[in-house]
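Written below as structure tokens is the structure these notes are about.
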Amino acid sequence: MDEHASDFYLMDSAAYFFNEVLQIAAPNYLPSETDVLTARANALGIKETRFNMGQLSIHMFDVGSLTFTRK
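Numbering that gives the first Met the number 0 numbers the first residue of the sequence shown as 0 and each following residue consecutively.
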């Protein structure tokens with residue numbers, strides 16, 4: 000597989016999902032917290048997610064594919 004590494008791109012989470020493929024393919028599959036946190040979609044721009052945990056109000060920002068330049 001290493002000899003063809005430049006032919007395709009696998010996200011860093013690919014190994015996790017390959018290892019879990021039988022569980023994920025099961026008819027009664029429900030994603031675990033780890034499945035959800037490991038899954039990624041390429042996003043453009045900034046996405047904001049807000050939710051509450053008890054008395055906490057959580058605001059998460061996903062900067063997706065933004066590139067930062069340091070000078």
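From the three backbone atoms N, C-alpha and C, an ideal C-beta is built for every residue, glycine too.
Cutoff 8 Å; reference residue i; Cβ partners in own chain excluding five residues on either side
i: residue 28; result: 22
i: residue 12; result: 37, 38, 39
Opposing strand residues paired with residue i [DSSP bridges]
i: residue 50; result: 57
Which listed residue (the options) has its alpha carbon closest to that of residue i
i: residue 48; options: 54, 60, 37; result: 60
i: residue 17; options: 53, 56, 55, 37; result: 37
i: residue 62; options: 10, 51, 44; result: 44
i: residue 34; options: 46, 26, 19, 25; result: 19
Cβ neighbours of residue i in the same chain (closer than 7 Å, five flanking residues each side left out)
i: residue 30; result: none
Other residues of its chain near residue i: CB distance less than 6 Å, five sequence neighbours each side excluded
i: residue 46; result: 61
i: residue 57; result: 50
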